[in-house]
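J.: Quick one: the structure is below, and I'll ask about it shortly.
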Amino acid sequence: MDLFCIGVGAGPSNLSLACQIQEEIAQGALFLDREVDFRGHPGSAFDCAELQVGHFQDLVTLVNPRSAYTFVNYLHENGRLYNFLNAQFHGVLRAEFAQYLNWAFQKNPLVRGGEAVREIRFDGEFRVRTDNAVLDARNLVIDIGKQAQIPPQFHGWTGPNLFHSSELAHINPEVQKKHVCVVGGGQSGAELLLHLVGRPKERRPAAITWV
């Protein structure tokens, strides 16, 4: 299949591009992702946290407010628009926005989930090999997401007692009556601190240090 564009990974950036191409051109592009659904923050234990951006900063609204892929249309199609307005939320919960992104992932015919890219070659144009097909395209857009950043001095020590915050839900560490150190002063660090102090009293750490 000869395409003008192949996207490797269907994270927020490529998903936004896929939505715009689908509505403007409708064909000639494919966006491949090894996952069968959208997984923006796998392992996150902070789904009750709010986004750092407003709901108008979604996949398409700032480019085309009348798009079928806006967050507002997601609420409308799922019968939740009036509930969302009446709740008077100050922001959008991360879990809600993740559901919106998965809705767009499943809705867009240019997005092909469960399609892992195995090889990319270039000889005048890009040739992409997956488990199921060989695809050619003039342009390639890569959106494979960020890697968890662990300070280099901790490399080789990661495990059940030293891990990135994105792994918290998977590891589910025993922290009650223990001394816990949270490294990092960004939003995830603050959310992790609130998560720890918000636990039932009998399950809280004995001490928390935030650096």
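Under the working numbering, the sequence shown has 315 at position 207, and the numbering climbs by one with no breaks. Even glycine gets a Cβ: it sits at the ideal position worked out from N, Cα and C.
What is the rounded straight-line gap between the Cα of I114 and the Cα of L159?
T.: 29 angstroms
J.: With three or more beta-carbon pairs closer than 8 angstroms as the criterion, would you say the stretch 162-171 touches the stretch 231-247?
T.: no
J.: Helix, strand or coil: which one does DSSP assign to L159?
T.: coil
J.: For D145 versus F197, is the C-beta distance shorter than 9 angstroms?
T.: no
J.: Over the uninterrupted alpha helix (DSSP H) stretch that includes I252, give me the two end residues.
T.: Neither: I252 is in no alpha helix (DSSP H) and is coded neither H nor E.
J.: Whole angstroms is fine: what's the gap from S273's alpha carbon to V168's?
T.: One C-alpha to the other measures close to 29 angstroms.
J.: Which residue comes first and which comes last in the alpha helix (DSSP H) that contains G297?
T.: 295-305
J.: Could you tell me the alpha carbon to alpha carbon distance between N321 and V319, rounded to whole angstroms?
T.: In the structure as shown, the chain begins at 109 and stops at 319. Residue 321 is therefore absent and cannot be evaluated.
J.: Under 9 angstroms between the Cβ atoms of L243 and M109?
T.: yes
J.: Which stretch, first to last residue, makes up the beta strand (DSSP E) that contains V290?
T.: 287-290
J.: Thinking just about the alpha-carbon of each residue, which of L111, L123, L304, T317 is nearest to the one in V219?
T.: If we check each option's Cα against that of V219, L123 comes out closest.
J.: Quick check: what's the CA-CA separation for L248 versus L125?
T.: Distance between the alpha carbons of L248 and L125 is about 12 angstroms.
J.: Can you tell me whether DSSP reads E143 as helix, strand or coil?
T.: coil
J.: Residues in its own chain within less than 6 angstroms of G222 by CB, not counting five upstream and five downstream?
T.: V144
J.: Can you check the stretch 172-252 for any beta strand (DSSP E) of at least 3 residues that lies completely inside it and give the ranges in chain order?
T.: Listed in chain order, the complete beta strand (DSSP E) runs (minimum 3 residues) inside the stretch 172-252 are 219-221, 225-230, 234-238, 242-250.
J.: Taking only three categories from DSSP, how would you classify A137?
T.: Note: A137 maps to strand in three-state DSSP.
J.: Between which two residues does the beta strand (DSSP E) harbouring L111 extend?
T.: 110-116
J.: Any idea what DSSP makes of L270, helix, strand or coil?
T.: strand
J.: Indicate the three-state DSSP secondary structure (helix, strand or coil) for A277 in the structure shown.
T.: helix
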